[in-house]
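Novice:
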Amino acid sequence: MKPVYSFFLIFFFCLFQFNKSLAINLSDYSKEEQKQYKEIKQMKKVGVSGKDWIDKKYWIKDKKNFYHNIAAFHTGIDGLRIKKKQMPILGIKVGGNWNWKSGKKKLNQAAFSVIGGDIIENGEMGLIKSKNHAWHGEEFYQITGSYENCNPQYWEFRECDHHMGSIHNESRDKRKWTKLLSKEGGEAWIHFATKPVRNILFPFNKSRNFHIMQCHPKGDTITFMITYKKGQLKANLQFSEPYEKHWLLKRFKVNEYNGADEWTSVTIHLINSTKSEKGRFRVWIDGNEKPIVDYTGRTATKKRLNCFIASGLYINGAQTAIDKNTSQDSTVWADAVAIAKTKEKLFKLIEKKDK
31 MKPVYSFFLI FFFCLFQFNK SLAINLSDYS KEEQKQYKEI KQMKKVGVSG
81 KDWIDKKYWI KDKKNFYHNI AAFHTGIDGL RIKKKQMPIL GIKVGGNWNW
131 KSGKKKLNQA AFSVIGGDII ENGEMGLIKS KNHAWHGEEF YQITGSYENC
181 NPQYWEFREC DHHMGSIHNE SRDKRKWTKL LSKEGGEAWI HFATKPVRNI
231 LFPFNKSRNF HIMQCHPKGD TITFMITYKK GQLKANLQFS EPYEKHWLLK
281 RFKVNEYNGA DEWTSVTIHL INSTKSEKGR FRVWIDGNEK PIVDYTGRTA
331 TKKRLNCFIA SGLYINGAQT AIDKNTSQDS TVWADAVAIA KTKEKLFKLI
381 EKKDK
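This is the structure:
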């Protein structure tokens, strides 16, 4: 047998074995999960995508340049190109949104997701280098949520219909749960700088939420969220007692692009606890010495103590947009996103960011 034929035989044999190793044995999954898999497989077969949830006239026409053009317009730098890259969270390793299942099932993420992996290849998330526009140093990240990128189904979760139209574009802890916060009394200091650049601030629409930081436990109730809502920046603690709590962090002068012209620095101190006397949630804005939020009390329940940190852009209410074009280019800038055990370690991470 000629060497070239032997090479191809070996190659195809290895490819067969590789595909075989990735084959899904549905008997490993529950009946409900088997049903989800078959639904997702059928959606892929007929070509279902997030575009089916928005009228064709609002589809992005030139997606390869769309997100780069947003960056060029709002920086004023002609021809600026984003470096397509997952935004780091200093202090932990990060992945994308569609990998929150763990263990054996993690091997089959693409099979249980209509859109497969995370969509950032066109610049939906990416790095901009510009000292004149960064909050700190010489670079920062742009994150855009386009409703047509919504995931029709990931396991049981149907993003496109969730909360009147949702879209995730976040970096999240690569571990299942963030180590610092996943034990009784776990403590963390968190920082991020944020700027609502385009179609984020809607003072007269209470349904459109733009979450930029969260710690997400198992289930639908979230440990905490930081959100642009009704033209304001708000904090939300959902396991607090005696009821869920909301705080106004900052008001904005909304510009013609439904954004604002200034950066906001947010520092969070969280002691994650099921005990009323131990839990703590504090928030400082723009380096002020006095916290704008100073809460003592329960921050979690025993069954939902573990949570993972995620930051970027998670949108709800896209279907309620009066002008559907504004559901395609909602954009924030983010800088110095970090988490550490102590305040001192947190700010050392930020100082080292651009060195």
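Count along the sequence shown from 1, then add 30; that gives the number in the working numbering.
Glycine residues also receive a C-beta, built at the ideal position from the N, C-alpha and C atoms.
Source: prediction; values computed, not measured.
1) In angstroms, rounded to a whole number, what distance separates the CA positions of S132 and Q139?
2) Tell me whether K259 is buried or exposed, calling it buried when 16 or more other Cβ atoms sit within 10 Å of its Cβ.
3) Would you call the CB atoms of Y344 and H198 closer than 8 angstroms?
4) Using alpha carbons as the reference points, say which of S270, E374 and F240 lies closest to M194.
5) Figure out for me which residue from A351, K123 and T294 has the closest Cα to the Cα of P226.
6) How would you label F338, buried or exposed, when you count the other beta carbons within 10 angstroms and need 16 or more for buried?
7) Extract the residue ranges of the beta strand (DSSP E) inside the region 268 to 352, only unbroken runs of 3 or more that lie entirely within it.
8) Would you mind sorting N181 into buried or exposed? The rule is 16 or more other CB atoms within 10 Å of its CB.
9) Find the nearest neighbour of R312 within the set Y177, K373, E200 and F232, judged by alpha-carbon distance.
10) Indicate the three-state DSSP secondary structure (helix, strand or coil) for S57 in the structure shown.
11) State the Cα-Cα distance for the pair S306 and T253, rounded to the nearest angstrom.
12) Can you tell me whether I158 is helix, strand or coil according to DSSP?
13) On the three-pair Cβ rule with 8 angstroms, is the region 324 to 341 touching the region 141 to 153?
14) Three or more beta-carbon pairs under 8 angstroms between the region 207 to 223 and the region 94 to 111, yes or no?
15) Work out the CA separation of K320 and Q172 for me, nearest whole Å.
16) Tell me the rounded alpha-carbon separation between F232 and V284.
17) For Q358, collect the residues of the same chain with a Cβ closer than 7 angstroms to its Cβ; drop the 5 residues on either side in sequence, then sort them by chain order.
18) Which parts of the region 60 to 103 are runs of the alpha helix (DSSP H), unbroken and 4 residues or longer, counting only runs that do not cross its ends?
Specialist: Short version:
1) Going from the Cα of S132 to the Cα of Q139 covers about 9 angstroms.
2) Per the 10 Å Cβ criterion, buried.
3) The answer is yes: Cβ separation under 8 angstroms.
4) The shortest Cα separation from M194 among S270, E374 and F240 belongs to F240.
5) Among A351, K123 and T294, the Cα nearest to that of P226 is on T294.
6) Around the beta carbon of F338, 16 or more other beta carbons sit within 10 angstroms, so the residue counts as buried.
7) Segments of the beta strand (DSSP E) lying fully in the region 268 to 352: 275 to 281, 294 to 302, 310 to 315, 323 to 326 and 338 to 346.
8) Buried: at least 16 other Cβ atoms inside 10 Å.
9) Sorting Y177, K373, E200 and F232 by C-alpha distance to the C-alpha of R312 places K373 at the top.
10) For S57, the secondary structure class from DSSP, reduced to helix, strand or coil, is helix.
11) Between S306 and T253, the alpha-carbon positions lie close to 15 angstroms from each other.
12) Correct three-state label for I158: strand.
13) Judged by Cβ distances under 8 angstroms, the region 324 to 341 makes no contact with the region 141 to 153, as fewer than three pairs qualify.
14) Output reads no: the region 94 to 111 does not touch the region 207 to 223.
15) So the two alpha carbons sit approximately 29 angstroms from each other.
16) Each residue's Cα considered, the two are about 8 angstroms apart.
17) Cβ neighbours of Q358 within its own chain (closer than 7 angstroms, five residues either side excluded): Y88, I90, S176, Y177 and E178.
18) DSSP runs (the alpha helix (DSSP H)) wholly in the region 60 to 103: 61 to 76.
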